[in-house]
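If you read the sequences in order, they're chains A and B. Here the first sequence is numbered in the working numbering, starting from 4 and rising by one per residue. Here the second sequence is numbered in the working numbering, starting from 4 and rising by one per residue.
2 protein chains.
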Amino acid sequence: MADAVLAGAEGVLLDISGVLYDSGGDGGGVPIPGSREAVKKIKASGLKLQFCTNETQATRDKFVKKLQHLGFDITVNEVTAPAPAVCRILKERKLRPHLLVHDDLILEFADIDKTNPNCVVIGDAADNFSYKNLNDAFQILINLENPVLLSLGRGRYYKETDGLKLDVGAYMKALEYACDIQAEVVGKPAKMFFQSALTEMGIEPHQAIMIGDDIVNDVGGAQQCGMRAVQVRTGKYSIHRRVLHV
Amino acid sequence: MADAVLAGAEGVLLDISGVLYDSGGDGGGVPIPGSREAVKKIKASGLKLQFCTNETQATRDKFVKKLQHLGFDITVNEVTAPAPAVCRILKERKLRPHLLVHDDLILEFADIDKTNPNCVVIGDAADNFSYKNLNDAFQILINLENPVLLSLGRGRYYKETDGLKLDVGAYMKALEYACDIQAEVVGKPAKMFFQSALTEMGIEPHQAIMIGDDIVNDVGGAQQCGMRAVQVRTGKYSIHRRVLHV
Numbered sequence: 004m005a006d007a008v009l010a011g012a013e014g015v016l017l018d019i020s021g022v023l024y025d026s027g028g029d030g031g032g033v034p035i036p037g038s039r040e041a042v043k044k045i046k047a048s049g050l051k052l053q054f055c056t057n058e059t060q061a062t063r064d065k066f067v068k069k070l071q072h073l074g075f076d077i078t079v080n081e082v083t084a085p086a087p088a089v090c091r092i093l094k095e096r097k098l099r100p101h102l103l104v105h106d107d108l109i110l111e112f113a114d115i116d117k118t119n120p121n122c123v124v125i126g127d128a129a130d131n132f133s134y135k136n137l138n139d140a141f142q143i144l145i146n147l148e149n150p151v152l153l154s155l156g157r158g159r160y161y162k163e164t165d166g167l168k169l170d171v172g173a174y175m176k177a178l179e180y181a182c183d184i185q186a187e188v189v190g191k192p193a194k195m196f197f198q199s200a201l202t203e204m205g206i207e208p209h210q211a212i213m214i215g216d217d218i219v220n221d222v223g224g225a226q227q228c229g230m231r232a233v234q235v236r237t238g239k240y241s242i243h244r245r246v247l248h249v
Numbered sequence: 004m005a006d007a008v009l010a011g012a013e014g015v016l017l018d019i020s021g022v023l024y025d026s027g028g029d030g031g032g033v034p035i036p037g038s039r040e041a042v043k044k045i046k047a048s049g050l051k052l053q054f055c056t057n058e059t060q061a062t063r064d065k066f067v068k069k070l071q072h073l074g075f076d077i078t079v080n081e082v083t084a085p086a087p088a089v090c091r092i093l094k095e096r097k098l099r100p101h102l103l104v105h106d107d108l109i110l111e112f113a114d115i116d117k118t119n120p121n122c123v124v125i126g127d128a129a130d131n132f133s134y135k136n137l138n139d140a141f142q143i144l145i146n147l148e149n150p151v152l153l154s155l156g157r158g159r160y161y162k163e164t165d166g167l168k169l170d171v172g173a174y175m176k177a178l179e180y181a182c183d184i185q186a187e188v189v190g191k192p193a194k195m196f197f198q199s200a201l202t203e204m205g206i207e208p209h210q211a212i213m214i215g216d217d218i219v220n221d222v223g224g225a226q227q228c229g230m231r232a233v234q235v236r237t238g239k240y241s242i243h244r245r246v247l248h249v
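As structure tokens, this is what we get:
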């Protein structure tokens, strides 16, 4: 990483998927060459570091354990992720969610009232995105007087070791269209999400740099928030052909 | 049906799902009271009649047999449906489709070259809309230089006997968003689709009346085409709460 990029910065926000590692496969993923060393270097430099991810296929605990197993110097408190953020929102607004998420994420919602749902929370549910499950979520929304759809990110796709995979954003769009509503996005590129990461670090937007592989969710979102941003040429960047617009 | 509505008309285009019957259940559906008699009455009156459906869960042959079994006076030639229309387009443009459709529709594509696909055709695939199947379609599209997505309709949802079901439009939107492309819609409300139904009947738009339960696909589409249109208060009309905009 060129020192010039970091000039004047007090802290770094690091995306994880496609920047530190590519997910998928038996071992849960493969580190991107040099990324483990880069994390160590940033920490050694005295810069503050927060990991800022839209990962919703596992609880933060489980996700961090996987990354530690892959050799990364990372702890749970250093990770800003959508599920804990949405739980705060659910409690504040007294919302009782119907969950359309990955099985491994459900534990994050253990202390949330899920009876008689008055909203839907959608995450990267992967194989849980069956027709039946999407239809169940649709039926709940279409029958609500004021349908609330909270989406853990709005990514189009991500790269796994065996190819590109549809992300939560595609299914968010399906429900938005079917119900004629707009989802509220929790996670990147939402301003509030970046701000909570900055609060964790105790720094201002102009003192921070976001590093990610997604031009919309990482770079665009951070810039909207007043931060500088760098797009790395790994992850989905290395595959996709067309510039993405949201 | 009030005679005033039909004044000056030479022909009637009739939607099927939600107008003649509600699909679903063991018997394949339940006729809407009075609809069998209405079809007979239109035919007896000397008006031309063409059925104009976005139904893509079965071949036209199988679909018509089901309706005959339910007591409707209907033949294959009287039905304008998306699958035969898309087959004409595929041949004209030398497109080789990857199919994401209902199992019972596949026979319609028997004489279409499907090797080394250079486009995706999406229909109301219902339970075939698994994560894996949608991801397969996505991967084909994202790897094409010029991705072509042909969608058999753009409906949001339809009514079955046991409730509302997500229609092909929701999944079309998911793929459009993931790949940053626009689908080409074959079926209602596409102008070309209505025009081919009128050609079958040998009449002009101003001589025809479309009768359907969908404000966008039936009424809006027909009006765009220069026809008059009537929305019946059965099918999804009887359930949905919000006005639909496309």
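We put the beta carbon where it would ideally sit given N, CA and C, even for glycine. All of these numbers come straight from a predicted model, not from anything done at the bench.
B/Gln142 belongs to the set of residues whose beta carbon lies under 8 Å from a beta carbon in chain A.
Under the 8 Å criterion on CB atoms, B/Gly166 is classed as interfacial with respect to chain A.
With respect to A/Ala84, A/Arg63 sits close: the two C-beta atoms are nearer than 8 Å. A Cβ-Cβ distance of about 15 Å is found for the pair B/Leu167 and B/Tyr174, leaving them out of contact under the 8 Å criterion. Between A/Ala225 and A/Phe197, the C-beta gap is smaller than 8 Å, which places the two residues in contact. In the structure shown, B/Lys191 adopts coil according to DSSP, grouped into three states. Minimum Cα-Cα distance from B/Arg236 among the listed residues B/Gly229, B/Ile214, B/Gly223 and B/Met230 corresponds to B/Ile214. Residue environment: A/Leu110 is assigned as exposed (fewer than 16 neighbouring CB atoms within 10 Å of its CB, all protein chains considered).
Look at B/Ile125 here: in three-state DSSP terms it is strand.
For the pair B/Ile212 and B/Val233, the CB atoms are nearer than the 8 Å cut-off. For B/Leu178, the uninterrupted alpha helix (DSSP H) run begins and ends at Val171 to Cys182, by DSSP. Annotation: A/Arg231 is outside any alpha helix (DSSP H); the continuous beta strand (DSSP E) that includes it extends over Arg231 to Gln234. Of the candidates B/Val15, B/Ser26, B/Tyr24 and B/Thr59, B/Thr59 places its Cα closest to the Cα of B/Ser154. Here the C-alpha atom of B/Leu17 lies approximately 17 Å from the C-alpha atom of B/Lys68.
Of the other Cβ atoms in all chains shown, 16 or more fall within 10 Å of the Cβ of B/Val15; this residue is therefore buried. Here A/Ile218 carries a helix assignment [DSSP, helix/strand/coil]. Secondary structure note for B/Asp106: it is in no beta strand (DSSP E), with a DSSP letter that is neither H nor E. Just so you know, the alpha carbons of B/Arg39 and B/Leu50 end up roughly 16 Å apart. Interface criterion not met: the Cβ of B/Ser199 is under 8 Å from no Cβ in chain A. By the CB criterion at 8 Å, B/Asp139 and B/His105 fall outside the cutoff. The beta-carbon separation of A/Leu103 and A/Asn136, rounded to 6 Å, stays under the 8 Å limit for a contact. Taking 3 residues as the shortest admissible run, the segment 32-60 of chain B contains the following complete beta strand (DSSP E) segments, listed from N- to C-terminal end: 32-34 and 51-55. At a cut-off of 8 Å, the C-beta of A/Ser133 has a neighbouring C-beta in chain B. In this structure, B/Ile206 sits near B/Glu13, with a CB-CB distance shorter than 8 Å. Residue contact with chain A for B/Tyr160: present (Cβ-Cβ distance below 8 Å to some residue of chain A).
In the DSSP assignment, A/Gly224 falls outside any beta strand (DSSP E) and within the unbroken alpha helix (DSSP H) covering Gly224 to Gln227. When the five nearest sequence neighbours on each side are left out, the beta carbons in the same chain lying within less than 7 Å of the beta carbon of A/His209 are those of Gly229, in order along the chain.
A/Lys176 reaches chain B at Lys176, Ala177 and Tyr180, counting residues in chain order whose Cβ is nearer than 7 Å. Contact annotation for A/Ala129 against chain B: Tyr134 [CB-CB distance below 7 Å, chain order].
With respect to the 8 Å criterion, A/Cys90 and A/Ile115 are classified as neighbours on the basis of their beta carbons.
For A/Asn57, no Cβ of chain B is located within less than 8 Å of the residue's own Cβ. For the options B/Val8, B/Gly28, B/Phe54 and B/Gly74, the alpha carbon positioned closest to that of B/Pro36 is the one of B/Gly74. Within chain A, the residues placing a beta-carbon under 8 Å from that of B/Leu169 are Tyr134, Leu137, Asn138, Phe141, Ala177 and Ala181, ordered along the chain. Between the beta-carbon of A/Leu152 and that of A/Leu178 there is about 6 Å, and that keeps the pair under the 8 Å contact cut. Check the Cα spacing between B/Gly30 and each of B/Pro120, B/Asn149, B/Leu147 and B/His72: the tightest is with B/His72. Under the three-state reduction of DSSP, A/Leu17 is assigned to strand.
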